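Trainee: So the sequence shown is residues 129 to 288, counted in the numbering used here.
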Amino acid sequence: MPKVEHTPYKDGDCFVNYENKVFEDVKAKPGEKALITFHTVANEGSVGFVNLLQATRLIRKGFETSVLLYGPGVTLGVQRGFPRLGDEAFPGHMNCNKQIAKILEEGGKVYACRFALQALYGYGEQNLIPGITPINPQDVLDIILLARRDNAFILNTWTL
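1. Going by beta-carbon coordinates alone, are Y198 and V154 separated by less than 7 Å?
2. Restricting to runs no shorter than 3 residues, where is the beta strand (DSSP E) found entirely within the segment 164-243?
3. On the CB-based measure, 16 or more other CB atoms within 10 Å of its CB, does Y239 come out buried or exposed?
4. If you compare alpha carbons, which of A162, F143, G252 is closest to G190?
5. Reducing DSSP to helix, strand and coil, say where N284 ends up.
6. Helix, strand or coil, according to DSSP, for A275 in the structure here?
7. Once DSSP output is grouped into helix, strand and coil, what is the label at A156?
8. What does the Cβ neighbour count give for H134, buried or exposed, with the cut at 16 atoms within 10 Å?
9. Figure out for me which residue from I272, I187, K157 has the closest Cα to the Cα of I228.
10. What residues match up with A162 in a beta bridge as DSSP calls it?
11. By how many angstroms is the C-alpha of V132 removed from the C-alpha of S194?
12. Please report how far the alpha carbon of Q207 lies from the alpha carbon of T165, in whole angstroms.
13. Please report the distance separating the alpha-carbon of V202 from that of G173.
14. P211: which of H221, G205, L204 sits nearest, CA to CA?
15. Taking contact to mean 3 or more Cβ pairs, one atom from each stretch, closer than 8 Å, check whether the segment 276-288 and the segment 175-187 are in contact.
16. With a 10 Å radius around its C-beta and 16 neighbouring C-beta atoms as the bar for buried, classify G205 as buried or exposed.
The structure is reproduced here in structure tokens:
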């Protein structure tokens, strides 16, 4: 067996230069908006959580930020927990719920399609995280068109 001669890494070491920022730190100009759409199932991959983090970052950069949950995306916005609502069954289990709560606390708006809630997933409006606004299914296209008309930054989140 070849011998590996390398000092083991220890806690606190870095593998990369994380302080070297290449691009300018963009901040929103007054009145700039952002819309993040979610057509993805909660906890089926990282994209839903990662783009909730992006929504939070956009708020902190000064963008008037809205989040749209439609299709399977409404599953990001329902209350969960085990054994009781709000209980975290394992570390990270409540990441999406906590991040949506943070978005709402920091001034973001979150909307959920009523059609997807009821017809596709069997949830009612009472299942939503408090602060999420339920919307008519015809509003799904209109919020996107309004964002486009307002020259908003739009990030679409899709998974199959």
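For glycine and all other residues, C-beta sits at the position ideal for the given N, C-alpha and C. Quantities reported herein were computed from a predicted structural model and do not represent experimental measurements.
Mentor: If we stick to the structure as given:
1. no
2. 192-197, 237-241
3. buried
4. A162
5. strand
6. helix
7. coil
8. exposed
9. I187
10. T193, F281
11. 51 Å
12. 19 Å
13. 15 Å
14. H221
15. yes
16. buried
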